[in-house]
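Here the structure comes first, spelled out in structure tokens, and everything after it is commentary.
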Amino acid sequence: MGRMAFAPASAAAATDLAAVPRGSLAATSLAVTRLSARGATPADLLMASASEGLFAAADERRVLLVEDAEALDPSSLGAFGDGAVAVLRANATASVLAKSVRELRGAVETLDTLDAQHVEDWIRRRARLFGLVLQPMAAGALAMTVGPDLERLDHELEKLAAFSSGAPLTERDVRLLVSGAVEQDVFELTRAVVRHDVKTAIGALDRLLESGEPPLRLHGLLVWQFRLLLVAAGIRDDADLDRAVSKTGLSRGPLVRMRREAGGIRPSTIRRAYESLYYADLAIKTSVDPRSVFQLLVLDLCGVEGADLEPLADRPPGSR
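Our numbering numbers the first residue of the sequence shown as 404 and each following residue consecutively.
This is the structure we're talking about:
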């Protein structure tokens, strides 16, 4: 049935699913079609739900999985073909749609997002199914990088198992092999310097430098994080949040998280951070050792007295 979509209604259900092999979930003969409600017309829905597919078996039951169902016009629900099973998955509250589904004698379930501890528990149990051995910090690193997206976690674990060939995987392995780990470390670094937590910030910096991330790309990611903080610091209500979504291209969730991090930070503090990032950029481009630049930058952003990047930026090209 193609890629499996996990949608557990509780942490207990998620833990149970973690021990179920992917293939066994498709034991019932189903003909699944996926489409997004964004831009779908009633004719699209009718065709997708009525079509049996070129290679469909005679005993297969048609199932239409509609993603982004919050964009669906409730009046279009009547367009589904007779005998088809439709599963609508909304990523936001859609009370009018839910009411229409109930009126058609459909079922509506609210699926809770798992917290970090339950995600880690799920990862450890699912890893055993793949024969994958994760060292203690590796599961936490994977949970932090991917979050509660169990479908993606399933595929990342499969990829990690193929890479490991039975050998235990470390936290560093996860950070190198799972996309998004670098961006997560940059976020952790930014959060630490905002809190003036020097120890955590230096630890996050060391992981980033050891990963081999190009210095200028790492610098660019830090600039982006502080730009997000500046935008998030100005969010006061839903209208501000909508403008921030338009300005950054991010969804509301990450911006709400950044707003929490930006709480209590003065815009002048963030602008001062921009100044330090500017001097760091000049220092890197004039061949100053990037590790020294980033270490001094982190200390400067944490407010450590005497940490000043401006003298490094004033050095002539090629000097050390």
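Ideal placement from N, C-alpha and C gives every residue a C-beta, glycine not left out.
First through last residue of the alpha helix (DSSP H) which encompasses residue i
{"i": "V634", "result": "618-636"}
{"i": "V504", "result": "498-506"}
{"i": "R674", "result": "670-688"}
{"i": "R441", "result": "Unbroken run through R441: none, as it is neither H nor E."}
{"i": "T651", "result": "641-651"}
Per-residue DSSP class, three states only, for residue i
{"i": "T436", "result": "strand"}
{"i": "L467", "result": "strand"}
{"i": "V726", "result": "The question about residue 726 has no answer, for the chain in this structure spans 404 to 723."}
{"i": "L572", "result": "strand"}
{"i": "L537", "result": "strand"}
{"i": "D476", "result": "coil"}
{"i": "R483", "result": "At residue 483 the sequence reads Phe, which differs from the Arg that was named. Three-state DSSP puts F483 in coil, outside helix and strand."}
{"i": "A710", "result": "coil"}
{"i": "A459", "result": "Residue confidence for A459 is low, a pLDDT of 49 falling below 50, so the modelled location carries little weight and cannot support an answer."}
{"i": "S614", "result": "coil"}
{"i": "A510", "result": "coil"}
{"i": "A429", "result": "Unreliable positioning characterises A429 in this predicted model, as indicated by a pLDDT of 49, which lies under 50. A coordinate reading is not provided."}
{"i": "G543", "result": "helix"}
{"i": "L517", "result": "coil"}
Element boundaries [beta strand (DSSP E), containing residue i]
{"i": "A489", "result": "488-492"}
Check whether residue i and residue j have beta carbons under 8 Å apart
{"i": "L475", "j": "L500", "result": "yes"}
{"i": "L579", "j": "V536", "result": "no"}
{"i": "S679", "j": "D703", "result": "yes"}
{"i": "A635", "j": "R655", "result": "no"}
{"i": "A497", "j": "A472", "result": "yes"}
{"i": "L631", "j": "I638", "result": "no"}
{"i": "V581", "j": "Q628", "result": "no"}
Of the residues the options, the one placed nearest residue i, counting alpha carbons only
{"i": "Q538", "options": "G569, L517, D640", "result": "G569"}
{"i": "A607", "options": "V488, E713, I526, E574", "result": "E574"}
{"i": "A542", "options": "A530, G534, L631", "result": "A530"}
{"i": "P714", "options": "Y681, L621, E512", "result": "Y681"}
{"i": "V490", "options": "H521, V466, S503", "result": "V466"}
{"i": "R508", "options": "L480, G534, F533", "result": "L480"}
Go through the stretch 571-610 residue by residue and report every complete run of the alpha helix (DSSP H) that reaches 4 residues or more, in order. 574-580, 584-597
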